[in-house]
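Colleague:
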Ligand code: FE
Ligand code: CA
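Residue numbers (the numbering used here): 2 to 513.
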């Protein structure tokens, strides 16, 4: 069965076409990607960039060019099940987002693109099982935080080799800050190039586009995208460190900051395997969305940046008080909260998984009078309480929250009352470490013993780089923390430094 030609995203009309034969250098320098799979479709992505580190990336500044795509049941493309042609347009930086439909559930596919005389690398992807299917097992990768100049993406090279159904990326795909010798940052380049164009903070659309090109030129990241479908969400650094809605961390008027946010969101959509209809409208990009993996798991991917109230007490780690504990505060925004809680109500899944950005459970630094992170859920406790209450009301007894942002590994029990270890456990949180941010880390950092002592719901804490492999079955969840001894040199081996189990019937982590 051949899928009909899929029209390019609904917008006025593509720019005036130019000839694909005029592309003189390989335009597939940024690899391919797929994601947001459904039982019958998957998003296929690429971006044409013959000269990725130059504004305009070596292509005409207006117009469009046809790009062919195909999907097959085998790596040799002897059984092609879908193909079509789309117009890659200068206005979207020649990015391509194909929603390939008419596919079969729970099946592996291969895909590639062609334009002019050039053929892209092949990617492998996988559709999700039918919504009503009984699924014996799902394996997912959890990854985040890939500061380019702080380490190699060795974890991604290993991620590409993992046996996974899906990868969840929970934020800090790029970092917006100035990088390179002139910016004073340590740079682990080796054979990775770092042209001077990256020596200032990203503000304009061109800045963000170039920054994605830098990250996406990394062969390990390309391999991880080509190996698995990715389901992405962002955190702060895709726009600006610790921004909150329309509020910059700097003294910038919101209207001005929203222009920057619009540029950052446009570049984000251009570079991610998101459906054409997720295209941002000005400074708005509705990123929260829901996926099902048969009856085994429901994934509610959240956005805790776009709609949040400003951080209390000027942000940072602060003593909680009336400002942070104000019951009207929201991290998700009213609309997203309503959508999430309605989704709890209709869920029939064994596991209700919430991939999102920032730490959900309380994290103290000391037993008495500890400051809390005003940027994480600890700075919005009323929203956390509402979420847990909505889950209880819906009869959900085993939430699984996935997070990133902190550049450490944490396995935590979600407690009804974090002050009372005997209180009910409502689920578990897996906070996955960074890919490279923070450079080399320690398995047992200096505060290792103290942090575990003052946070009895914390079952594992470590600071090495890597990713987490999570296995879900109808009876239990298993988290394997896969870590690297170093990322400031290439080629580190990966090992499993901890494994924890959470039963579906009575949540809480214990060592495997
Ligand atoms: Fe980060
Ligand atoms: Ca972050």
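Just so you know, even glycine gets a beta-carbon here, dropped at the ideal spot from N, CA and C.
(1) Quick check: residue 231 and residue 274, are their CB atoms within less than 7 Å of each other?
(2) Taking CB distances under 7 Å as the criterion, tell me whether residue 299 reaches chain E.
(3) Go through the region 187 to 258 residue by residue and report every complete run of the alpha helix (DSSP H) that reaches 4 residues or more, in order.
(4) With distances taken Cα to Cα, identify the nearest neighbour of residue 325 among 280, 358, 362 and 383.
(5) So is the beta-carbon of residue 304 under 6 Å away from any non-hydrogen atom of ligand 2?
(6) Report yes if the CB atom of residue 62 is closer than 7 Å to the CB atom of residue 91, and no otherwise.
(7) Does DSSP put residue 159 in a helix, a strand or coil?
(8) Short check: CB of residue 168 to CB of residue 229, under 7 Å?
(9) Any heavy atom of ligand 2 inside 6 Å of the beta-carbon of residue 237?
(10) With residue 170 and residue 144 assumed to form a contact (beta carbons below 8 Å), what rounded beta-carbon distance in angstroms separates them?
(11) List the residues that DSSP assigns as beta-bridge partners of residue 68.
(12) Determine, using beta carbons only, whether residue 301 and residue 344 come nearer to each other than 7 Å.
(13) Taking contact to mean 3 or more Cβ pairs, one atom from each stretch, closer than 8 Å, check whether the region 201 to 220 and the region 437 to 449 are in contact.
(14) Mind checking whether residue 117 and residue 489 have CB atoms under 7 Å apart?
(15) Under 8 Å by Cβ, that's how I've got residue 173 and residue 245 pegged, so tell me the actual separation to the nearest angstrom.
(16) Alpha carbon to alpha carbon, how far is residue 256 from residue 76? Give it in angstroms, no decimals.
(17) Residue 347 lies in the alpha helix (DSSP H); which residues open and close that run?
(18) Which runs of the beta strand (DSSP E) spanning at least 3 residues fall entirely within the region 359 to 408, listed in chain order?
(19) Can you give me the start and stop residues for the alpha helix (DSSP H) that residue 34 sits inside?
(20) Output the residues surrounding ligand 1, defined as those with a CB atom closer than 5 Å to any ligand heavy atom, in chain order.
(21) For residue 425, which of helix, strand or coil comes out of DSSP?
(22) Is it buried or exposed for residue 282, if we count other Cβ within 10 angstroms and need 16 for buried?
(23) Following the continuous beta strand (DSSP E) through residue 46, name the residue where it begins and the one where it ends.
(24) Go ahead and pull the three-state DSSP assignment for residue 414.
(25) Please report the straight-line C-alpha distance between residue 357 and residue 23, rounded to a whole angstrom.
(26) Measuring straight from C-alpha to C-alpha, what distance separates residue 4 and residue 166?
(27) Following the continuous beta strand (DSSP E) through residue 326, name the residue where it begins and the one where it ends.
(28) Which same chain residues end up closer than 8 Å to residue 417 when comparing Cβ atoms and leaving out the 5 residues on each side of it in sequence?
(29) Could you compute how far the alpha carbon of residue 404 sits from the alpha carbon of residue 396?
(30) Assuming residue 127 is part of the beta strand (DSSP E), what are its boundary residues?
(31) Since residue 94 and residue 48 are thought to touch, with beta carbons under 8 Å apart, how far apart are those beta carbons, to the nearest angstrom?
(32) Which residues does DSSP pair with residue 502 in a beta bridge?
(33) Can you find a heavy atom of ligand 4 that lies under 6 Å from the Cβ of residue 316?
(34) Please return the same chain residues whose Cβ sits closer than 6 Å to the Cβ of residue 233, not counting the five positions on each side in sequence.
(35) On the premise that residue 337 lies in contact with residue 381, defined as a C-beta separation below 8 Å, what is that separation, rounded to the nearest angstrom?
(36) Mind checking whether residue 226 and residue 34 have CB atoms under 7 Å apart?
Modeller: Walking through what the data contain:
(1) yes
(2) In the displayed structure, chain E is absent; only one protein chain is listed.
(3) 206 to 217 and 220 to 228
(4) 383
(5) no
(6) yes
(7) helix
(8) yes
(9) yes
(10) 6 Å
(11) 87
(12) yes
(13) no
(14) no
(15) Going by Cβ atoms, the distance from residue 173 to residue 245 rounds to 16 Å, so no, they are not a contact pair.
(16) 49 Å
(17) 335 to 347
(18) 400 to 404
(19) Segment 33 to 36 is the beta strand (DSSP E) holding residue 34; no alpha helix (DSSP H) there.
(20) 146, 173 and 438
(21) coil
(22) exposed
(23) 43 to 48
(24) strand
(25) 42 Å
(26) For residue 4, the predicted structure reports a pLDDT of 40, less than 50, and the residue's modelled location is therefore unreliable. A value from the coordinates is still provided. About 23 Å.
(27) Unbroken run through residue 326: none, as it is neither H nor E.
(28) 389, 424, 425, 426 and 427
(29) 23 Å
(30) 124 to 127
(31) 7 Å
(32) 479 and 511
(33) This structure simply doesn't include ligand 4; it includes ligand 1 and ligand 2 instead.
(34) 170 and 273
(35) Their Cβ separation, rounded to whole angstroms, is 13 Å, which puts residue 381 and residue 337 out of contact at 8 Å.
(36) yes
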